[in-house]
Every structure is written in C-alpha cells, then in structure tokens.
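For reference, the structure is listed below as structure tokens.
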Amino acid sequence: MTEHERIVACQQQHPTAQREVYERYAPVMMGVCRRYLSRIEDAEDVLVESFCKVFEHIGQYNGNGSFEGWIRRIVVNECLMFLRKKHALRNAYEIQEHFDLRTEEHTVDKLAADDILYLLDQLPNGYRTVFNLYVLEGYKHREIADLLEISINTSKSQLILAKKRLQELLQDIKYPGIQARMRQATSD
Amino acid sequence: MAQKDIFDLFRESADALNTPPSAPTWGRIERRLQGKRPSVRRASVHRLPPMAAVAAAFALLIGAVVVFSWVGNRPTATQNSMAVSTPIVVEDLAITLGGTDAMAIAEIAISHPQPAPTKPIQEGKAGQKLMARSEQPSFRTAPTPRHDSTRQRHERDVMR
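If you're matching them up, the sequences are chains A and B in order. No gaps in the numbering here: position 115 of the first sequence is 128 in the numbering used here, and each next residue is one more. No gaps in the numbering here: position 54 of the second sequence is 801 in the numbering used here, and each next residue is one more.
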C-alpha cells in the first residue's frame with residue numbers, strides 16, 4: 014500500500030490503514046514529544062491525543078507538503094497546548110545581556126539519545142520550547158512569538174539562554190571526548 | 748576536524764530520540780477512535796437525506812391517521828357478538844280479545860279479587876326494636892322460651 018493509498022484509506026476510517034500510519038510515524042513523533050516534555054507518561058499522553066487528531070482531521074490534509082510534516086505540526090501544537098495547560102511557559106522573559114556565541118563551539122560529533130534528553134531536561138521549559146521550535150523544527154522567531162504569545166525579543170532571549178546553558182552543561186558533564194577535542198581545538 | 752555549532756550538534760543527533768512508544772499506546776488510540784467512529788446503524792440514520800426524512804415522517808403521520816380512524820370506526824365486541832348471533836324475532840304481544848276470551852278474563856278477575864290496599868308502614872320510634880306484629884309480646888301468651896343448652900334439655904327430660 015502506497016502512502017497516498019494509506020492516506021485515502023485513513024480518510025475512510027479504515028482501521029488497518031490507521032494502524033499502519035501509526036506504526037510508521039509513532040517512533041518519530043514520540044521523539045518529538047520527548048524533546049518538549051520531560052516525563053515519558055506526558056509524552057505518551059500527548060502522542061495519543063495527537064494521533065487521535067490526525068485521524069480525526071485527516072480529511073483536511075490536501076497533499077501539499079509532506080504527510081510527516083503535517084503530522085509533526087499537529088504533534089508540536091499538542092505539545093505546546095499541553096505546556097500551556099500546565100502553565101509551563103509563564104516564566105519566559107527577555108534578557109538584555111548579549112552573549113558572543115561564536116567562540117563557544119564544540120567538537121563533539123554526535124550526542125547520544127540519553128544525553129540529549131538529559132541536557133534538555135536541565136533547561137527551563139521556556140528555553141527548551143524555544144530551542145526545540147527554532148533549532149529542531151525550523152520555526153522563525155516571529156512564528157515562535159505568535160505560537161507562544163510572547164514578543165520576538167523574548168523568543169530570541171530564550172534561545173540565547175538555552176544555548177549558553179547547554180554549552181555549560183556539556184562542559185560540566187565532561188561529555189565523552191569533549192575535553193580532548195577542546196584541547197585539540199585550542200592547540201590547533 | 749571541523750568544529751560544530753551546538754545547534755548543528757543537536758539537529759544531527761535529534762534522530763536518536765526516535766523511540767517507539769509503549770505497547771498500550773495504540774490500544775488507547777484505538778479505543779478513542781472506536782468511540783468516535785459512528786456505528787453502522789447510527790450512520791444510516793444520520794446519512795438519511797433531509798427530503799427522505801421528511802417523506803418518512805409524512806408516511807408515518809398518514810399511517811397513524813389511518814390506523815386511528817380505523818380503530819374509531821371498528822364495532823365493539825358486543826356489537827360484534829350481536830352481529831354474529833341469530834336475529835331476534837320479536838313476538839307480537841298484542842292481544843285481540845274475542846268473545847270467549849273476554850268471558851274467561853272476567854271469570855279470572857272474579858276468582859282472584861284484587862287485594863285490599865295495605866296500610867303504609869309507619870315509621871317507628873328511634874331506639875326501639877323492629878318486630879312483626881305477630882312477634883309482639885302479649886301478657887296472655889307464655890313468655891318466649893329461652894334457648895337452653897343440650898344439658899339443660901336432658902335434665903328437663905329426665906325430670907319428666
């Protein structure tokens with residue numbers, strides 16, 4: 014069954030096609046939920062809600078853009094809605110300081126899943142959400158400001174603070190190989 | 748080795764978070780979908796076009812009027828039984844008196860005289876016992892024997 018046939022079958026509420034769509038996209042979307050939410054139970058709750066909305070409104074998908082992108086937008090919106098309900102985005106504020114981030118670069122090739130989750134879990138919800146939206150979803154600051162109902166400057170501030178905090182954390186935890194790579198970078 | 752910005756580091760590593768959710772998650776979604784999915788019976792009612800619904804309601808109304816009018820005009824059980832049984836022949840009770848009949852009637856009238864008109868019953872006084880004239884106590888007659896037991900009657904017989 015092709016992607017198009019699967020979508021058409023889902024629009025006719027065919028249970029087998031719905032199951033196939035879930036099995037294909039659930040792992041990716043679970044990863045998205047985990048980036049926004051610390052607790053795995055919350056992530057699964059949001060995933061359930063998101064897939065219910067996907068199957069309920071699949072008739073609105075008109076084929077423009079990728080199907081995965083359409084599902085991802087629903088999942089991200091559900092995550093933000095969950096955070097709003099929990100009042101987790103209230104403490105976002107604007108900073109006046111300026112950090113020169115160009116000198117703060119790392120030489121680590123890749124982060125392991127547990128380390129990503131650990132690092133994200135150390136961030137306040139405001140930093141974490143803006144970081145996810147900007148870095149991993151590709152939203153612009155204007156779009157983030159509209160989504161979170163904050164100012165554009167607040168969005169930028171949150172991103173700068175998130176980046177600074179992540180750099181500090183990476184150094185603090187002595188990420189495998191990071192010290193050697195940093196030494197190598199300074200000797201070069 | 749080329750240095751990486753921390754944003755790129757996260758972008759390239761983000762796929763590592765892709766993990767399948769726990770097994771009961773699909774069951775939860777399925778239950779929610781089954782709750783929202785219309786059943787066949789409900790769907791047939793909801794998908795009825797408006798004109799068909801109006802026609803069905805009209806047909807029901809006509810049917811109800813026909814049934815109630817038929818029930819109203821239907822004969823009752825008594826009427827039914829009368830209709831089924833044999834017709835009653837009404838006997839002519841008119842008597843035409845001939846000469847001999849008139850004589851016979853006169854004889855009967857003589858042999859059965861009309862009873863004298865009785866006196867109307869007078870209302871008694873309140874608090875008194877109602878009894879027939881023959882039952883009224885008289886000083887000349889013996890007092891009404893008292894009802895006695897079998898043993899008293901036996902003793903009386905023995906003394907005799």
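Glycine included, each C-beta is placed from N, C-alpha and C at the ideal position.
Does A/CYS92 have its Cβ less than 9 Å from a Cβ in chain B? no
With 9 Å set as the bound, which would you pick, yes or no: does the beta-carbon of B/ALA763 sit closer than that to a beta-carbon of chain A? yes
Taking CB distances under 9 Å as the criterion, tell me whether A/PRO2 reaches chain B. Limits of chain A in this structure are 14 at one end and 201 at the other, which puts residue 2 of chain A out of reach.
In terms of residues, what are the limits of the alpha helix (DSSP H) holding B/GLN899? 897-906
Contacts around A/LEU149, its chain only, beta-carbon distance under 7 Å, and the 5 residues preceding and following it disregarded: ARG48
Residues of chain B with CB closer than 9 Å to the CB of A/ARG43, please, in chain order. According to the sequence as given, residue 43 of chain A is Met; it is not Arg. By Cβ distance, chain B contributes LEU764, ASN765, THR766, PRO767, PRO768 and THR772.
Below-9 Å beta-carbon distance, A/PRO28 vs any chain B residue: yes
Would a check of beta-carbon distances place A/VAL148 closer than 9 Å to chain B? yes
Leaving out five residues before and five after A/LEU50 in sequence, what residues of the same chain have Cβ atoms less than 8 Å from its Cβ? ALA56, VAL59, CYS92, PHE95 and LEU96
Option nearest A/ILE20 by Cα separation, candidates A/GLU62, A/GLY76 and A/ARG52: A/GLY76
Quick one: Cα of B/VAL787 to Cα of A/ARG178, how far? For B/VAL787, the pLDDT reaches just 49, beneath the cut-off of 50, and the residue's location in the model is therefore unreliable, leaving the point undetermined.
Verify the CB distance criterion: does B/PHE815 have a CB-CB separation below 9 Å to chain A? no
Extent of the continuous alpha helix (DSSP H) run through A/HIS17: 16-24
Please report the distance separating the alpha-carbon of B/PRO771 from that of A/LEU133. 26 Å
Run through DSSP, which three-state label would A/ILE282 get? The question about residue 282 of chain A has no answer here: the residues shown for chain A are numbered 14 through 201.
Could you tell me whether the Cβ atoms of B/LEU764 and A/LEU160 are closer together than 9 Å? no
Taking a Cβ distance cut-off of 8 Å, strictly less, list which residues of the region 64-98 of chain A are near chain B, in chain order. PHE64, CYS65, PHE68 and GLU69
Does B/ASP752 come out as helix, strand or coil in the three-state DSSP assignment? coil
Among A/VAL88, A/ILE84 and A/GLN26, nearest to B/GLY782 - alpha-carbon criterion: A/GLN26
Is A/ILE71 closer than 9 Å to A/GLN24 when the C-beta atoms are compared? yes
Using the C-alpha atoms, what's the distance from B/LEU780 back to A/ILE173? 42 Å
Neighbourhood of B/ILE852 by C-beta distance below 6 Å, restricted to the same chain and skipping five residues each side: none
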